[in-house]
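Worksheet: the structure to be examined is printed underneath.
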Amino acid sequence: MSEKVNCLIIGSGPAGYTAAIYTSRANLSPVLYEGIQPGGQLTTTNEIENFPGYPEGITGFQMMEDLKKQAAKFGADIRSGIATSCDLSQSPYKVTIDGEKQIETKVLIICTGAAAKYLGIPDEVKYSGIGVSACATCDGFFYRKKTVAIVGGGDTACEEAIYLAGLANKVYMIVRKDYLRATKIMQERVLNHPKIEMLFNTNTLGLFGEKAVEGAHLVRHAGTPQEEKFDIAIDGFFLAIGHTPNSEIFKDYLERDETGYIKTQGRSTKTAVPGVFAAGDVADPHYRQAITAAGSGCIAAIEAERYLL
Ligand code: NDP
Numbered sequence: 073m074s075e076k077v078n079c080l081i082i083g084s085g086p087a088g089y090t091a092a093i094y095t096s097r098a099n100l101s102p103v104l105y106e107g108i109q110p111g112g113q114l115t116t117t118n119e120i121e122n123f124p125g126y127p128e129g130i131t132g133f134q135m136m137e138d139l140k141k142q143a144a145k146f147g148a149d150i151r152s153g154i155a156t157s158c159d160l161s162q163s164p165y166k167v168t169i170d171g172e173k174q175i176e177t178k179v180l181i182i183c184t185g186a187a188a189k190y191l192g193i194p195d196e197v198k199y200s201g202i203g204v205s206a207c208a209t210c211d212g213f214f215y216r217k218k219t220v221a222i223v224g225g226g227d228t229a230c231e232e233a234i235y236l237a238g239l240a241n242k243v244y245m246i247v248r249k250d251y252l253r254a255t256k257i258m259q260e261r262v263l264n265h266p267k268i269e270m271l272f273n274t275n276t277l278g279l280f281g282e283k284a285v286e287g288a289h290l291v292r293h294a295g296t297p298q299e300e301k302f303d304i305a306i307d308g309f310f311l312a313i314g315h316t317p318n319s320e321i322f323k324d325y326l327e328r329d330e331t332g333y334i335k336t337q338g339r340s341t342k343t344a345v346p347g348v349f350a351a352g353d354v355a356d357p358h359y360r361q362a363i364t365a366a367g368s369g370c371i372a373a374i375e376a377e378r379y380l381l
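Throughout, the working numbering is defined as the position within the sequence shown, counted from one, plus 72.
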């Protein structure tokens, strides 16, 4: 079973829906498949207060509903389904949906996003949205004058620890090794920050709290004679242990960096395959914001339109 379309968009975060709004207004008749998590990562955050145009803030879920409605209003064909494999060896490009339906398309806009990594402990799920977050920029504001912890020792963790320290009274950095992986300058900033307390050689065993997170159970030097279990009192628990771009199915055709982010050309969303564009977090290891994803979805749509001229 194969269907021919003009413009296929995969993914339904801000990049995908923005690409759908622009391509439908340009009469490209886009078909958008929503993917594993309709609405994308933002549907798991509480309130979005940093997207221009919403002075009162908006929930991630509502924003995605609005974007979807806006794309549908201009004629985008929005469908549920997951892209499970593809063949980008020649145009028209072939994408298989849910392992069975094949779509042939002249233009492909990949907006499959990235997923924050979690530790894998059950309490992360239990307290999701009530004290656990993988996005300090999104949720840090809710912890003004409170105490938070952030897990990770890379540049993201350092950057977010500093951001959180600008809001919270105290920030614990939970680092599993005895050193930070982050660049020297970022290390110096966190190590010298008066509000940041480093907890090296430390892992998280669990979280506790009646209605929301009230603390974390930690272990230092786990599995050694110096092993020491202890608790810290915190209001928020942040993860900054990396992201995994959802780019696996494209790996045989598109160039990716060592983490899996799809490489695009310069400031554009063009991949090395003509007519295949990548926008939003799947191609962005640096910014990962709703507004930047939406912006790159717009760029992809304009580049797709020019490609089809
Ligand atoms: P990284 O992969 O660089 O760092 C991840 C951190 O999380 C490491 O300290 C790692 O520990 C730790 N970690 C991973 N898994 C676990 C776990 N299960 N339990 C505890 N800790 C864990 O990811 P980042 O997101 O920080 O950075 C990704 C890339 O983006 C990097 O190249 C970075 O330099 C870049 N970046 C650049 C920025 C800038 O230039 N302004 C800002 C942010 C990111 P360990 O070291 O032990 O493996």
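All C-beta atoms in this analysis are idealised placements derived from N, C-alpha and C, irrespective of residue type, glycine included.
All of these numbers come straight from a predicted model, not from anything done at the bench.
Let me confirm a value: residue i is counted as buried when at least 16 other C-beta atoms fall within 10 Å, else exposed. Which label applies?
i: Asp195; result: buried
i: Glu232; result: buried
i: Pro102; result: buried
i: Ala373; result: buried
i: Ser200; result: exposed
i: Thr228; result: buried
i: Ser319; result: buried
i: Leu326; result: buried
i: Lys342; result: buried
i: Thr331; result: exposed
i: Ala381; result: Residue 381 is actually Leu in this sequence, not Ala. Per the 10 Å Cβ criterion, exposed.
Does the Cβ-Cβ distance between residue i and residue j come in under 7 Å?
i: Phe133; j: Ser205; result: no
i: Asp307; j: Lys198; result: no
i: Lys189; j: Ile313; result: yes
i: Gly225; j: Leu252; result: yes
i: Ala155; j: Ile234; result: no
i: Gly287; j: Ala87; result: no
i: Gly147; j: Ser96; result: yes
i: Val348; j: Leu180; result: yes
The ligand NDP and residue i: does any heavy atom of the ligand fall closer than 6 Å to the residue's C-beta?
i: Arg328; result: no
i: Arg248; result: yes
i: Glu231; result: yes
i: Pro127; result: no
i: Asp195; result: no
i: Gly338; result: no
i: Pro357; result: yes
i: Leu191; result: yes
i: Arg292; result: no
i: Ile313; result: yes
i: Gly225; result: yes
i: Arg253; result: yes
i: Thr364; result: no
Does the ligand GDP have even one heavy atom less than 6 Å from the beta-carbon of residue i?
i: Leu277; result: In the structure shown, the ligand GDP is absent; the only ligands present are the ligand NDP.
If you draw a straight line from the C-alpha of residue i to the C-alpha of residue j, how long is it?
i: Pro346; j: Thr316; result: 25 Å
i: Ala91; j: Ala376; result: 9 Å
i: Val291; j: Val354; result: 34 Å
i: Met258; j: Arg360; result: 19 Å
i: Glu121; j: Lys140; result: 19 Å
i: Val247; j: Ala186; result: 23 Å
i: Ala344; j: Asn99; result: 25 Å
i: Phe213; j: Leu236; result: 8 Å
i: Glu137; j: Asp250; result: 44 Å
- Query: Looking at C-beta atoms only, is the number of pairs between the segment 293 to 301 and the segment 154 to 171 that lie closer than 8 Å three or more?
  - Reply: no
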